[in-house]
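Structure record follows, encoded as structure tokens.
Protein chains: 2
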Amino acid sequence: MPTQLELVMNLMIRIFHQYSCKEGDRFKLDKGEVKMLLQRELTKFFSCQKKPQLVDTIMQDLDANKDNEVDFNEFVVMVAALTVAL
Amino acid sequence: MPTQLELVMNLMIRIFHQYSCKEGDRFKLDKGEVKMLLQRELTKFFSCQKKPQLVDTIMQDLDANKDNEVDFNEFVVMVAALTVAL
Numbered sequence: 001m002p003t004q005l006e007l008v009m010n011l012m013i014r015i016f017h018q019y020s021c022k023e024g025d026r027f028k029l030d031k032g033e034v035k036m037l038l039q040r041e042l043t044k045f046f047s048c049q050k051k052p053q054l055v056d057t058i059m060q061d062l063d064a065n066k067d068n069e070v071d072f073n074e075f076v077v078m079v080a081a082l083t084v085a086l
Numbered sequence: 087m088p089t090q091l092e093l094v095m096n097l098m099i100r101i102f103h104q105y106s107c108k109e110g111d112r113f114k115l116d117k118g119e120v121k122m123l124l125q126r127e128l129t130k131f132f133s134c135q136k137k138p139q140l141v142d143t144i145m146q147d148l149d150a151n152k153d154n155e156v157d158f159n160e161f162v163v164m165v166a167a168l169t170v171a172l
């Protein structure tokens, strides 16, 4: 049986791949996949946001290597930042 | 019912506080608490490590503000780094 922290790590990998495999590069999130992930996984947070450019802003902040996609490292940074912020 | 990502965030907060409240500052992990967290939550990883200075090294790497303790932000960075590394 996994520990709580192992469960956290497994879940982060599972969530990422659940969305990253939907279109294009199967190991990266494109803008549509980031939007879908936020809408489905952070429903309350996303529904309170009125800014239409929110996904663009998050993509720009996350996309450290500027390839217009979010890899697993960048996704984990987002989860860390949101956990501290929310 | 929480989404998977909300579960990840809740679990990270719960794990941190479970160890940070054991001694000293209840909102920070000291060296003993970091060691206990790693030993209990990452049993396989920790049991494979032979270096006695491992906890010191991790503490130094994590402790961005050099107060010899690990706050929640620093803990989340550790979880992110370990998830990518392991």
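Line by line, the protein sequences are chains A and B. Residues 1 to 86 in the numbering used here are what the first sequence spells out, letter by letter. Residues 87 to 172 in the numbering used here are what the second sequence spells out, letter by letter. Ideal placement from N, C-alpha and C gives every residue a C-beta, glycine not left out. Quantities reported herein were computed from a predicted structural model and do not represent experimental measurements.
Reference residue i; option with closest CA among the options
i	options	result
D111 of chain B	B:D157, B:V170 and B:Q139	B:D157
A150 of chain B	B:V162, B:L97 and B:F131	B:V162
E119 of chain B	B:S106, B:E127 and B:N159	B:S106
H103 of chain B	B:D116, B:L91 and B:P138	B:D116
A171 of chain B	A:E6, A:P2 and A:F46	A:E6
N73 of chain A	B:A167, B:D153 and B:K152	B:A167
E109 of chain B	B:I99, B:K121 and B:M98	B:K121
L11 of chain A	B:R100, B:I99 and B:T89	B:T89
D147 of chain B	B:K136, B:V165, B:Q125 and B:R100	B:V165
F132 of chain B	B:P138, B:N154 and B:L124	B:L124
D142 of chain B	B:E155, B:F113 and B:M87	B:E155
I99 of chain B	A:I15, A:V8, A:R14 and A:I13	A:V8
M87 of chain B	A:E41, A:M1 and A:F27	A:E41
Continuous alpha helix (DSSP H) stretch holding residue i: start and end
i	result
F75 of chain A	F72 to A85
T143 of chain B	L140 to L148
Q18 of chain A	Q4 to S20
K44 of chain A	T43 to C48
Chain-ordered chain A contacts of residue i [CB-CB under 8 Å]
i	result
E127 of chain B	T3, Q4, L5 and E6
M95 of chain B	V79, L82, T83 and L86
Contact set between residue i and chain A, taken where Cβ atoms lie within less than 7 Å
i	result
D159 of chain B	What sits at residue 159 of chain B in the sequence shown is Asn, not Asp. In chain order: V84.
V162 of chain B	A80, T83 and V84
Cross-chain neighbours of residue i in chain B, by beta carbon under 7 Å
i	result
M12 of chain A	V94 and T169
DSSP beta-bridge partners of residue i
i	result
L29 of chain A	A:V70
Proximal residues of chain B, C-beta to C-beta of residue i below 8 Å
i	result
I15 of chain A	Q90, L91 and V94
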